[in-house]
Structures are given as structure tokens and as C-alpha cells.
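Just so we're aligned: 71 in UniProt numbering is position 71 of the sequence shown, and the numbers increase by one with no gaps anywhere. The beta carbon of each residue, even a glycine, is placed where N, CA and C say it ideally should be. Just so you know, these numbers come straight off a predicted model, no measurement behind them. Have a look at the structure below, then the notes.
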Amino acid sequence: MDPKLLRVAQSGSVNALYSLLQKDPCILQNVDVLPFIHTPLHEASSTGKIDLAMELMILKPSFAKKLNEDGLTPLHLAVENHQAELALELVKFDPSLVRIRGRGGMTPLHLVAKEGDVELLTEFILVCPESITDATLNGETALHIAVISDRYEELKVLRGWMQRMRKVDASTTEIQVLNKRDRKGNTALHLAAYNNNHQACSYPFSEFFS
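Given below as C-alpha cells:
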């Protein structure tokens with residue numbers, strides 16, 4: 001990234017961004033042509049510069065779906081750096097960002113299930129309910145990841161959403177989420193048992209099949 005653009009992204013100044021654009025109208029386009037790059041939106045998202053991030057979403061929405069050299073989108077970075085308010089603004093602008101697969105096939109939803117944030121997890125599923133079925137390259141859904149990471153409160157949120165899904169389409173819920181096996185053949189319940197995660201194991205999973 002151009003050092004001048006990086007400084008603007010770090011400052012979070014919308015005025016500075018437009019001053020730079022007046023001097024070099026192609027500066028954002030020069031970033032966009034690269035397939036993998038840490039864009040100014042990545043920088044703003046990782047440091048919580050909300051006003052600048054949303055301005056960039058308007059000017060260059062393509063930045064939001066671009067992976068940096070580490071295989072992460074701006075939304076991944078917002079989650080990773082605990083910038084929850086900014087992450088919420090990004091998904092309000094474009095709910096599909098929740099499902100973008102980064103390194104290892106991990107989506108922002110998977111990352112929230114790993115890092116832990118009940119409010120953010122709830123909002124992600126609310127704006128993009130289909131994301132609950134997404135799996136990483138290892139075949140792990142958000143449910144697998146929450147179990148592995150001992151995220152009990154997040155598991156409760158996921159369970160609540162699966163109950164709602166089951167009322168609409170029980171077979172899809174069971175096949176794509178509850179019975180989904182990772183590359184080692186484990187369901188989320190298997191992992192809970194293997195990890196001796198008594199809180200996860202105590203879930204009344206039988207309710208899903210009754």
C-alpha cells in the first residue's frame with residue numbers, strides 16, 4: 001500500500017482521504033488491482049476507524065471482499081482485533097461478508113465462534129442465517145469450533161438458531177449442521193465428548209431429533 005494511503009488509514013481521517021484522492025484520483029484503484037493486499041479498509045477495520053471504514057465501503061466496496069497476504073478480509077481483522085462495533089457496521093452494509101472464506105476456509109462467523117463474542121455471533125447469524133452451515137477446509141462448522149474453543153455461551157446461541165432452523169427444515173439442519181462431520185469424521189457432539197467438555201455434552205441434543 002502507498003505509504004501516504006497507509007498514514008490516512010491509520011489516522012482514520014475522512015477529510016485526509018479525500019485530500020489524498022484530489023491529489024491522486026487513482027490511488028484506491030491502484031490498490032484494488034492487486035489480488036491479495038492489505039487495503040486501507042483492512043487497516044481501518046483492524047484499528048476501529050469506523051467513519052473511515054464506512055467511507056471506504058462506499059468508495060470501494062470491493063475492498064471488503066479482498067483477502068490480504070495473510071488470507072484475511074477486513075471483517076476477519078475486525079473480529080480478530082475485537083472491533084465489534086466496526087464489524088457490525090460492515091455486515092449491516094453487506095451481510096454476505098459473514099460467509100467469505102479466508103485462510104483455511106475460515107469465515108468471520110467461524111472466527112467469532114473461536115474468539116468468543118455472543119452479541120457479534122448473534123448479529124452475524126441474524127443477518128446471514130445460512131452461514132451457520134458453512135465449514136472450514138477441515139470440515140468444521142461454527143458449532144465444531146465453539147465446542148473446540150470451549151465457548152459455552154456461543155454454543156447456546158448456535159443451539160437456539162438451530163432450533164429455529166429445525167422448525168423450517170429439520171432434515172437440512174441435521175445433515176448440514178448437527179450431523180456434519182469434520183475431516184476426521186467427528187460431529188460437534190463427538191468433539192465435546194472427546195474434549196471432556198461437560199457443559200457442551202450436557203446440551204439436550206436429543207431435542208433436535210424428537
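Inset, instruction - Would you give the residue range spanned by the alpha helix (DSSP H) that Thr47 belongs to? - result: Annotation: the continuous alpha helix (DSSP H) that includes Thr47 extends over Pro40 to Thr47.
Inset, instruction - State the start and end residues of the unbroken alpha helix (DSSP H) segment that holds Pro3. - result: Pro3 to Ser11 is the extent of the alpha helix (DSSP H) around Pro3.
Inset, instruction - Using a threshold of 8 Å, state whether the C-beta atoms of Glu154 and Val118 are closer than that. - result: In this structure, Val118 lies closer than 8 Å to Glu154 by Cβ.
Legend entry - Residue-chain proximity (Arg181, chain C), Cβ-Cβ < 8 Å: Here there is only one protein chain, and chain C is not present.
Inset, instruction - Starting from the C-beta of Ser13, find all residues in its chain whose C-beta is less than 8 Å away, skip the five residues before and the five after it, and write them out in chain order. - result: Excluding sequence positions up to five before and after Ser13, its CB lies within less than 8 Å of the CB of Leu52, all in the same chain and listed in chain order.
Legend entry - Cα-Cα separation, Leu20 to Gly102: When rounded, the distance between both Cα atoms is 30 Å.
Legend entry - Contact under 8 Å by Cβ, Ser46 with Leu67: The Cβ atoms of Ser46 and Leu67 do not sit closer than 8 Å to each other.
Legend entry - Contact under 8 Å by Cβ, Lys60 with Leu28: Against a cut-off of 8 Å, the Cβ pair of Leu28 and Lys60 comes out as a contact.
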